[in-house]
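Numbering (our numbering), first residue to last: 274 to 682. Where a beta carbon is used, it is the ideal one built from N, C-alpha and C, also for glycine. The structure appears right after this line, and notes come after that.
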């Protein structure tokens, strides 16, 4: 896997449609038990009246989490581009390249770099930088989809990805040179509404400055998330809010702060991180602590979702078999439209497939960790954005489950 980030982060507030670089904060020594807080809140790009429901009156601001630039150098790949195709002969690889629509002249250029590795039982391809840069976007998308089926191709299996609508804005605050931006634009490829970049080795090979390489990787590693505030006013129905956010044993954690804000004459916004469970509150907006492991299984989406109600977390939930057993025995299925705070949402392209899990918070906003590595923080996202992130065309296979004993948690 790619090298891990030291657990230092910068949060940059981003108003939807444009990236504002002026409002930042740094949190030093962030661990899964701590996180930084912004010193101010930018005005929401969405009217709170558009976010009203049983959860109350929400004000939402889109932000971006990014590692500190001083940590980005850890992501600079030391090796050149390398593709591995298990159980494919060199001739078979050439056939795959042709099937993806690659120009015959480009295949002839790449063919001499294909060799059979008996130890791996795979063909290994080491194309030069010029060949990588010459691959058309459609061919890149199709061929890299095949490469992504094998985890050894880490940059294709876990590419950097962005919503297509935000590609231009994504790099606006990155202070990258025109040369670097030009390189990245040539390496972009799309599937559905998502834009990907996999070829960081080829990009870094063309950038002499280590500082510029680090800036580029910092920009690519940004994670879009949401700051969500619950607006409390003197006429707010605290009983209704408590029934949504503070049912069961959480009443003592939630009601006092809601009642105190109701007494503020002009009203007051409350960051909903204060209303989350202890597990989620400790981790929201944080990167996992660096502990020398690049892929700690405890940090995957299922461990994060299934432990939402647990403090301390149950480490058995890093085993898929135990996750499935727990859902089947301790949870009940919830009809779409009845999702509420704390429901575990499962994503898959069929009822039998489990690609990702997250936790429903309010108004289609979910608590999620998108991948097991230390490069991915715990964040809040719109469910529709999450579906696009995982290349799911619709909600046909979205289902939710609720703990049977949720009132006792």
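Residue j beta carbon less than 7 Å from that of residue i
| i | j | result |
| --- | --- | --- |
| residue 692 | residue 531 | The chain is shown only over 274 to 682; residue 692 falls outside these bounds and no answer can be derived. |
| residue 633 | residue 658 | no |
| residue 550 | residue 582 | yes |
| residue 527 | residue 557 | no |
| residue 572 | residue 561 | yes |
| residue 543 | residue 503 | yes |
| residue 654 | residue 639 | yes |
| residue 597 | residue 675 | no |
| residue 603 | residue 491 | no |
| residue 395 | residue 358 | yes |
| residue 406 | residue 453 | no |
| residue 354 | residue 475 | yes |
| residue 612 | residue 661 | no |
Distance, residue j Cα to residue i Cα
| i | j | result |
| --- | --- | --- |
| residue 473 | residue 610 | 41 Å |
| residue 656 | residue 637 | 5 Å |
| residue 538 | residue 337 | 32 Å |
| residue 591 | residue 382 | 44 Å |
| residue 447 | residue 521 | 45 Å |
| residue 665 | residue 535 | 41 Å |
| residue 422 | residue 466 | 20 Å |
| residue 387 | residue 559 | 41 Å |
| residue 444 | residue 679 | 43 Å |
| residue 553 | residue 622 | 27 Å |
| residue 401 | residue 459 | 15 Å |
| residue 574 | residue 540 | 36 Å |
| residue 487 | residue 507 | 49 Å |
| residue 334 | residue 627 | 30 Å |
| residue 433 | residue 494 | 7 Å |
| residue 641 | residue 584 | 17 Å |
| residue 362 | residue 391 | 11 Å |
| residue 577 | residue 379 | 44 Å |
| residue 364 | residue 614 | 53 Å |
| residue 427 | residue 384 | 22 Å |
| residue 529 | residue 424 | 48 Å |
Buried or exposed (CB count within 10 angstroms, at least 16 for buried), residue i
| i | result |
| --- | --- |
| residue 328 | buried |
| residue 403 | exposed |
| residue 389 | exposed |
| residue 367 | buried |
| residue 650 | buried |
| residue 588 | exposed |
| residue 360 | exposed |
| residue 312 | Interpretation of residue 312 is limited by its pLDDT of 29, a score under 50 that renders its predicted location unreliable; no figure is taken from the coordinates. |
| residue 645 | buried |
| residue 593 | exposed |
| residue 668 | exposed |
| residue 294 | Low confidence applies to residue 294: its pLDDT is 27, below 50, so where it sits in the model is not reliable, and the reading given next is rough at best. Per the 10 Å Cβ criterion, exposed. |
| residue 524 | exposed |
| residue 652 | buried |
| residue 339 | buried |
Presumed contact (8 Å Cβ cut-off) between residue i and residue j, rounded CB distance
| i | j | result |
| --- | --- | --- |
| residue 463 | residue 442 | Not a contact, Cβ separation roughly 16 Å. |
| residue 398 | residue 356 | 4 Å |
| residue 377 | residue 461 | At roughly 24 Å, the Cβ-Cβ gap does not stay under 8 Å, so residue 377 and residue 461 are not in contact. |
| residue 479 | residue 505 | Contact flag wrong, Cβ pair sits at about 53 Å. |
| residue 620 | residue 663 | 6 Å |
| residue 635 | residue 331 | 7 Å |
Closer than 7 Å to chain B by CB, residue i
| i | result |
| --- | --- |
| residue 360 | Of the protein chains in this structure there is only one, and it is not chain B. |
_Below 8 Å, how does it come out for the segment 463 to 481 and the segment 496 to 508: are there three or more Cβ pairs, yes or no?_
Taking a cut-off of 8 Å on C-beta distances, the segment 463 to 481 does not touch the segment 496 to 508, as fewer than three cross pairs fall below it.
*Touching or not, the segment 415 to 433 and the segment 358 to 373, by the rule of three or more beta carbon pairs under 8 Å?*
Three or more Cβ pairs closer than 8 Å define a contact, and the segment 415 to 433 meets that threshold against the segment 358 to 373.
*asked:* Would the segment 476 to 493 count as touching the segment 339 to 357 if we require 3 or more Cβ pairs under 8 Å?
replied: Counting Cβ pairs under 8 Å, three or more are found: they touch.
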